[in-house]
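S.K.: Using this note's numbering, the final residue of the sequence shown is 377, and nothing's skipped along the way.
No residue lacks a Cβ here, since even glycine has one placed at the ideal position from N, Cα and C.
My questions all concern the structure below.
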Amino acid sequence: MNKMTNKLSHSASNQFMDCPTKWKYHYVDRLRSKTQHAALAFGSAVDAAFTSILKDKDKKPEDVFAYFWRFQEINGKETYLPTATNIVYANSDYDEELLQPEDIRKLAEEFKIELPLQEVNKVYEEKEYAGFDNLPEDRKRLLNYANWLSLYRKGLLMIDAMREEVLPKIKKLHGTQVYCKLENDVGDLVVGYADMVAEWEGYDEPIVFDFKTSAKDYAVDSVLTSPQLTLYVHSLSSNYNNTRRAGYIVFNKNIRKNKTKVCRQCDYLNEGTSHKTCNNVVNGTRCNGEWNVKINPKVYVQVVIDSIPEKTEEIVLENFDYINASIKNGVFHRNLQNCVKSYGKCQYYNYCYKDDMSGLIKLEDENNRNKK
């Protein structure tokens, strides 16, 4: 009988369910995409800032976010994110209206261009027909720096939203980054960290929370169907009054602008009309002055709270045993339905279908790295 035990992170078990062969390429063969999606690095930086708000009162969360949004490890190498070209951003990450004058100056100075925002828009057009991978390196750097600056502004707004929208609803904080584990009879583990356990306004029992950043709302049943939150509740329930409640706190990356328009000529405040010029009547004549548009950007915070039924826990436990049995027996089937998704192809698509390693690298073996 195989005595080997597995220890998996939640993300690793989730990747196995997405595609077992993808899991094998990542964790056994140690193949990695040369590029990484910005969402992962951005989420990690925001999480670090939120933890500092809740736990580490000696550190300014804006400084924590700024550091982790500048430096992160990608494929085993410390990387300076602002101008890195092995980061891939979503088109929705960029929001020109959020950039401050100092951001525009940084772009102009870094790339020695007089009209940086116009140039960024040109690069987006080039990306549209050529693809990001086929852009010249300097064009990638310009595009990525503009996206990085935009997400930097969004991160600061999320910190404001955390203070204004989340903190007032916390009646009692029980813990942050709380260690969780799910273990079966033979010692296999899935481990993770709950972002927060807290008593929440309107609820009588502690709630196990996970923070998310997303460009769209979560489904109303997202908690009910979440293996991640089920793991957390399974691990922590007995420590927190046998709670079955869990929740997502989702910070939307599509910032609400709350625009106001004031006439430059007569100071008339536009209250929601769509007129292109000032419609105020002065001395019997329409003003027709140009608008001065101001924004008051805010992050929409979605809170989804639900109870985790025992049936859901049973399903997650069964999946956990299935994953571990498959890994131990070397069973890694291909989930062909997940080769292409709405946001693009799997990073192993060409390797799976064509034995083509372009776009991939093989990480150094952990044991060999440790010997150096």
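Apart from the five residues on each side of it in sequence, which residues of its chain come closer than 8 Å, Cβ to Cβ, to Arg261?
M.R.: Pro302, Lys303, Val304, Tyr305
S.K.: Could you pull the start and end residues of the alpha helix (DSSP H) that Leu104 belongs to?
M.R.: Leu104 -> no alpha helix (DSSP H), and no H or E assigned at all.
S.K.: Three-state secondary structure (DSSP) at Ser219?
M.R.: strand
S.K.: Please determine, among Met22, Ile164, Val213, Lys266, the residue with the shortest C-alpha to C-alpha distance to Ala50.
M.R.: Ile164
S.K.: From Glu206 to Lys65, what does the alpha carbon distance come to, in whole angstroms?
M.R.: CA-to-CA, the gap between Glu206 and Lys65 works out to about 26 Å.
S.K.: Return yes when the Cβ of Asp311 is within less than 9 Å of the Cβ of Val228, no when it is not.
M.R.: yes
S.K.: Rounded to whole angstroms, what is the Cα-Cα separation between Val298 and Asp100?
M.R.: 16 Å
S.K.: Using a Cβ-Cβ cutoff of less than 6 Å, which residues in the same chain neighbour Thr248 once the five nearest sequence positions on both sides are dropped?
M.R.: Glu210, Pro211, Ser242
S.K.: Which value, in whole angstroms, describes the spacing of the CA atoms of Leu274 and Leu161?
M.R.: 28 Å
S.K.: What separation, rounded to the nearest whole angstrom, lies between the Cα atoms of Lys132 and Ala43?
M.R.: Rounded to the nearest angstrom, the two C-alpha atoms are 17 Å apart.
S.K.: Could you check which residue in Val345, Asn293, Asn263, Ala53 has the C-alpha nearest to that of Asp272?
M.R.: Asn293
S.K.: Can you tell which of Ile109, Lys266, Glu142 has its C-alpha closest to the C-alpha of His1?
M.R.: Lying before the first or after the last residue shown, residue 1 is absent from the chain, which here runs from 6 to 377.
S.K.: Within this structure, are the beta carbons of Val125 and Leu147 separated by less than 9 Å?
M.R.: yes
S.K.: Going along the chain, which unbroken runs of the beta strand (DSSP E) with 3 or more residues stay wholly within the region 304-343?
M.R.: 306-312
S.K.: Using DSSP's beta-bridge definition, name the partner residues of Glu369.
M.R.: Among the bridge pairs identified by DSSP, Glu369 is matched with none.
S.K.: When you compare the CB positions of Tyr253 and Val202, do they come within less than 9 Å of one another, or not?
M.R.: no
S.K.: State the Cα-Cα distance for the pair Asn11 and Pro232, rounded to the nearest angstrom.
M.R.: Cα to Cα, the separation comes out at about 18 Å.
S.K.: Going along the chain, which unbroken runs of the beta strand (DSSP E) with 3 or more residues stay wholly within the region 41-117?
M.R.: 76-79, 82-85
S.K.: With 16 as the cutoff for other CB atoms within 10 Å, does Cys185 come out buried or exposed?
M.R.: buried
S.K.: Just to check my reading of the structure: Glu115 and Thr235 have Cβ atoms closer than 8 Å, yes? What is that Cβ distance to the nearest angstrom?
M.R.: With a Cβ gap of about 46 Å, Glu115 and Thr235 do not count as contacting.
S.K.: If you draw a straight line from the C-alpha of Ser57 to the C-alpha of Ala166, how long is it?
M.R.: 14 Å
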